[in-house]
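Number of protein chains: 2
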Amino acid sequence: MGVYHKRNQQEFYRNLSKAERDHLLSQMQADYRQVVLGYFTGEQRANSWIDRFVNRAFFADLSVSQIMELHMELMDEFSQQLKLEGRSDEVLLDYRLTLIDVIAHLCELYRRSVPHEGSAAADPHAECYER
Amino acid sequence: MGVYHKRNQQEFYRNLSKAERDHLLSQMQADYRQVVLGYFTGEQRANSWIDRFVNRAFFADLSVSQIMELHMELMDEFSQQLKLEGRSDEVLLDYRLTLIDVIAHLCELYRRSVPHEGSAAADPHAECYER
Numbered sequence: 005m006g007v008y009h010k011r012n013q014q015e016f017y018r019n020l021s022k023a024e025r026d027h028l029l030s031q032m033q034a035d036y037r038q039v040v041l042g043y044f045t046g047e048q049r050a051n052s053w054i055d056r057f058v059n060r061a062f063f064a065d066l067s068v069s070q071i072m073e074l075h076m077e078l079m080d081e082f083s084q085q086l087k088l089e090g091r092s093d094e095v096l097l098d099y100r101l102t103l104i105d106v107i108a109h110l111c112e113l114y115r116r117s118v119p120h121e122g123s124a125a126a127d128p129h130a131e132c133y134e135r
Numbered sequence: 005m006g007v008y009h010k011r012n013q014q015e016f017y018r019n020l021s022k023a024e025r026d027h028l029l030s031q032m033q034a035d036y037r038q039v040v041l042g043y044f045t046g047e048q049r050a051n052s053w054i055d056r057f058v059n060r061a062f063f064a065d066l067s068v069s070q071i072m073e074l075h076m077e078l079m080d081e082f083s084q085q086l087k088l089e090g091r092s093d094e095v096l097l098d099y100r101l102t103l104i105d106v107i108a109h110l111c112e113l114y115r116r117s118v119p120h121e122g123s124a125a126a127d128p129h130a131e132c133y134e135r
């Protein structure tokens with residue numbers, strides 16, 4: 005559990021400069037594209053790509069709505085491409101499964117980082133009492 | 005942030021008796037059914053139903069995979085019903101949006117409950133130093 009508490013607030017998205025934010029988001033957009041394109045192709049590295057993306061989101065304390073925005077942007081781009089090629093964009097519905105998987109991973113990461121009642125982190129005075 | 009730390013571990017799913025677990029899951033299955041059925045009907049209370057479901061999951065420390073299981077069970081049931089009625093089960097794909105929304109809410113709840121570095125909860129000694 006402890007390791008996930010060691011997030012550095014300076015690395016949080018909201019505390020970055022404009023340039024750093026843009027850089028982070030473009031990195032994450034590229035990572036997410038890789039996740040989505042590898043998701044249904046039996047790509048061996050797909051899981052580690054999801055982990056990388058999810059870890060980045062966690063350490064930047066990105067909100068879930070920001071993740072969903074990345075997804076929507078990518079789907080819009082794919083949709084336009086498919087239209088240009090005269091193909092149906094029904095396939096994009098499948099990518100909702102990718103989004104579900106990604107958010108589920110992120111949710112579990114946050115869940116495991118929430119202190120439990122009785123743990124030292126949940127009660128900042130717990131160890132003081134013992135002194 | 006603090007309020008969400010006040011979870012009682014005795015209420016966690018894994019610490020419940022078999023009878024209590026069954027009761028909780030059947031409650032949550034009923035709640036989730038209500039969420040799903042109200043989701044696309046413009047039901048005013050849909051958001052508060054999602055909140056109720058998500059809060060229950062949070063306080064029981066349910067894993068996301070348990071939530072996804074509830075979803076799959078309900079979709080299986082709907083699918084059988086639609087087949088009996090000779091209707092396509094394509095509509096079930098839309099319910100993935102409901103699942104995304106639910107997990108997103110839950111993820112945000114966990115996210116807001118993770119202590120930040122520098123906050124008292126993240127460093128159990130922080131207040132001791134001040135004494």
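The listed protein sequences derive, respectively, from chains A and B. According to the working numbering, the first sequence is numbered sequentially starting from 5. According to the working numbering, the second sequence is numbered sequentially starting from 5. Each residue gets a CB set at the ideal place from its N, CA and C atoms; glycine is no exception.
- If you run the structure through DSSP and keep just helix, strand and coil, what is D93(B)? Position 89 of the second sequence, counted from the first residue, corresponds to residue 93(B). D93(B) falls in the coil class under three-state DSSP.
- Message: For F57(B), count the other beta carbons within 10 Å of its own beta carbon; 16 or more makes it buried, fewer makes it exposed. Which is it?
- Response: Within the second sequence, numbered from 1, the residue matching residue 57(B) stands at position 53. Buried: at least 16 other Cβ atoms inside 10 Å.
- Item | C-beta neighbour in chain A for E134(B), strict 7 angstroms | Within the second sequence, residue 134(B) is the residue found at index 130, counting from 1. Only weak support is given to the placement of E134(B): the predicted model assigns it a pLDDT of 32, under 50, and the question is left unresolved by the model.
- Message: Out of L101(B), L66(B), L88(B), T102(B), which one is the CA nearest neighbour of Q14(B)?
- Response: Here residue 14(B) corresponds to residue number 10 of the second sequence, with the count starting at 1. Comparing Cα-Cα distances from Q14(B) to each of L101(B), L66(B), L88(B), T102(B), the minimum goes to L66(B).
- Cβ-Cβ separation, I104(B) to I54(A) (assumed contact under 8 angstroms), whole Å: Start at 1 with the first residue of the first sequence, and residue 54(A) comes out as number 50. Start at 1 with the first residue of the second sequence, and residue 104(B) comes out as number 100. No, I54(A) and I104(B) are not in contact; Cβ-Cβ is about 16 angstroms, not under 8 angstroms.
- Give, in chain order, every residue of the stretch 89–103 of chain A whose Cβ lies closer than 8 angstroms to some Cβ of chain B. L97, R100, L101, L103
- Query: Counting pairs of beta carbons, one from the stretch 25–38 of chain B and one from the stretch 70–79 of chain B, are three or more of them closer than 8 angstroms?
  - Reply: yes
- Item | CB contact below 7 angstroms: Y114(A) versus chain B | One-based indexing of the first sequence puts residue 114(A) at position 110. With 7 angstroms as the cut-off, Y114(A) counts as an interface residue toward chain B.
- Task: With 7 angstroms as the threshold, decide whether the Cβ of I54(A) is near any Cβ in chain B.
- Result: Residue numbering aside, residue 54(A) sits at position 50 when the first sequence is read from its first letter. With 7 angstroms as the cut-off, I54(A) does not count as an interface residue toward chain B.
- Task: Check the C-beta distance from L97(B) over to L97(A) and give it rounded, since I have them as a contact under 8 angstroms.
- Result: By 1-based counting over the second sequence, the position of residue 97(B) is 93. By 1-based counting over the first sequence, the position of residue 97(A) is 93. With 8 angstroms as the limit, L97(B) and L97(A) qualify as a contact, their Cβ atoms being about 6 angstroms apart.
- Can you name, in chain order, every residue of its own chain whose Cβ lies under 8 angstroms from the Cβ of G42(B), other than the five neighbours on each side? As a position in the second sequence, residue 42(B) is number 38, starting the count at 1. Cβ within range, chain order: R49, A50, W53.
- Message: Against chain A, with Cβ distances strictly below 7 angstroms, would S83(B) count as a contact?
- Response: On the second sequence, residue 83(B) is found 79 positions in, with the first residue counted as 1. No, S83(B) lies away from the interface with chain A (no Cβ there is under 7 angstroms from its Cβ).
- Query: What's the gap between the Cα of E47(A) and the Cα of R18(A)?
  - Reply: Locating residue 47(A) in the first sequence gives position 43, where the first residue counts as 1. Locating residue 18(A) in the first sequence gives position 14, where the first residue counts as 1. Near 33 angstroms, if we compare the C-alpha coordinates of R18(A) and E47(A).
- Continuous alpha helix (DSSP H) stretch holding K22(A): start and end: Counted from its first residue, the first sequence places residue 22(A) at position 18. Its alpha helix (DSSP H) spans residues 22–43.
- Item | Endpoints, the alpha helix (DSSP H) within which N59(B) is located | What you label residue 59(B) is simply residue 55 of the second sequence in a count that begins at 1. Here the alpha helix (DSSP H) through N59(B) covers 50–63.
- Task: Look at the alpha carbon of V118(A) and the alpha carbon of A61(A), and state the distance between them as a whole number of angstroms.
- Result: Numbered from its first residue, the first sequence carries residue 118(A) at position 114. Numbered from its first residue, the first sequence carries residue 61(A) at position 57. Distance between the alpha carbons of V118(A) and A61(A): 16 angstroms.
- Determine, using beta carbons only, whether R100(B) and R25(A) come nearer to each other than 7 angstroms. Here the question's residue 100(B) lines up with position 96 in the second sequence. Here the question's residue 25(A) lines up with position 21 in the first sequence. No; because the gap between Cβ atoms is not below 7 angstroms, this pair is not in contact.
- Chain-ordered chain B contacts of L110(A) [CB-CB under 8 angstroms]: Here residue 110(A) corresponds to residue number 106 of the first sequence, with the count starting at 1. Those within 8 angstroms of L110(A) in chain B are C111.
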